[in-house]
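Asks: Have a look at the structure that comes next, please.
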Amino acid sequence: MLEQVRKTIIEHRMLGHGQVAGVAVSGGADSVCLLHILRELAPELGIRLHVVHLDHRLRGEESAGDARFVTELAGSMGLPVTVEGADPGSESGNLEQAAREARRSFFTRLRLDGRVDRIATGHTLSDQAETVLYRILRGSGTAGLSGVLPVTPDEIVRPLLDCSRHQVEQYLRERCISWREDRTNMDPAFARNRIRHVLIPLLEREFSPSVTSILASTASLAQSEENYWSERVSEIFSDLVKNKFKSVLIRADKLSRLHPALARRLVRRAIVEAKGNMRSIDLVHVERIRDL
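All letters in the sequence shown, in the order written, are residues 1 to 292 by my numbering.
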């Protein structure tokens, strides 16, 4: 597993010599495994580690226990640690989405403060497969097949993306390394939990035991093709899209003459230009804009 993570980091140029990697540790198996592996690879990669943890304060004493666990783990390794608490009152509505937004804001502050250069998270091959299925079911279109990116524009890297959750837990058990269990990961109220605990086991049992790897491979292929489409969009974007009064204007006459595959991606780029991201935007929204 160590060799696989090393290969992933090098292949995607995730972490460079002299950089400070903020390791996002929740206390769960994936992030604890990530921290131990990066600690082992740090001398070879020439990087320094800084443990970071955001306490969402949504699970009472359990959340506080996670924060203490992470602080003690970082201390036992002699690593600097930053722990912050989120305002639970601000995480209303879609809790999953709100929690992601809070974490991203936390990570951005750490980078802008100069405490870290990049943030490493514990997303695995299993997370990749679950994300692809989730996006298919939401109707996010072919771009959604790209799943989780190895490196994001906001400097988040995923060194465990080629390792399964089973490999992670095996790595920890073989070394008698403990981790924390988040009881909400079993809550069927969350769609991702139903995908993880119901849908994927069903697909493995009834269709293919390799479904996780197949979905992750599909994501990798889709990422490569989306990179090509991104270049094509960049070539024509300035001619079709104009910024005006904190909004964007799209030349409908020229948009209608584009191939649908290119037009959809140009609309997606325009949405990002206007609102900063594609969160909560699915294929149906893109198609409504194309149909105007």
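Virtual Cβ for every residue (Gly too), placed ideally from N, Cα, C.
In this text, all values refer to a predicted model and were calculated from it rather than measured experimentally.
With contact counted as at least three CB pairs below 8 Å, one residue from each stretch, are the region 231-247 and the region 161-168 in contact?
Replies: The region 231-247, when compared against the region 161-168, does not touch it at the 8 Å Cβ threshold.
Asks: Could I get the ranges of all uninterrupted alpha helix (DSSP H) runs contained in the region 46-124, with 4 residues as the minimum, in chain order?
Replies: 61-77, 95-112, all fully within the region 46-124.
Asks: In angstroms with no decimal places, state the Cα-to-Cα distance between Ala-120 and His-50.
Replies: Position 120 of the sequence shown, counting from 1, holds the residue named residue 120. Position 50 of the sequence shown, counting from 1, holds the residue named residue 50. Looking at the two C-alpha atoms, the distance is approximately 10 Å.
Asks: For Cys-176, does the count of other Cβ atoms within 10 angstroms reach 16, so buried, or fall short, so exposed?
Replies: Walking along the sequence shown from the start, residue 176 turns up at place 176. Result: exposed.
Asks: Among Asp-66, Val-248, Leu-73, which has the Cα closest to the Cα of Val-272?
Replies: Taking the sequence shown and counting its residues from 1, the one referred to as residue 272 is at position 272. For Val-272, the nearest C-alpha among the options comes from Val-248.
Asks: In this structure, does DSSP put Ala-270 in helix, strand or coil?
Replies: Within the sequence shown, residue 270 is the residue found at index 270, counting from 1. Three-state result, Ala-270: helix.
Asks: With a CB to CB cut of under 7 Å and the five nearest residues on each side skipped, what residues in its chain are close to Glu-226?
Replies: Reading the sequence shown from its first residue, position 226 is the one you call residue 226. If we look at Glu-226 and ignore the five residues flanking it on each side, its Cβ neighbours are Ala-143, Ser-146.
Asks: Would you decide whether Val-81 is buried or exposed? Buried here means 16 or more other CB atoms lie within 10 Å of its CB.
Replies: Against the sequence shown, residue 81 aligns to sequence position 81. Val-81 is buried by the Cβ-count criterion.
Asks: Identify whether Asn-243 lies in helix, strand or coil by the three-state DSSP scheme.
Replies: The count along the sequence shown starts at 1 and reaches residue 243 at position 243. Three-state DSSP puts Asn-243 in a strand.
Asks: What are the residues that DSSP puts in a beta bridge with Ile-250?
Replies: As a working mapping, residue 250 is identified with position 250 in the sequence shown. The partner list for Ile-250 (beta bridge, DSSP) reads Val-241.
Asks: So, helix, strand or coil for Arg-156, using DSSP?
Replies: Against the sequence shown, residue 156 aligns to sequence position 156. Reading off the sequence, residue 156 comes out as Ile, not Arg. Looking at Ile-156 - three-state DSSP - the assignment turns out to be strand.
Asks: Using 8 Å as the threshold, is the C-beta distance between Arg-6 and Leu-41 below it?
Replies: Your numbering for residue 6 matches position 6 in the sequence shown. Your numbering for residue 41 matches position 41 in the sequence shown. The answer is yes: Cβ separation under 8 Å.
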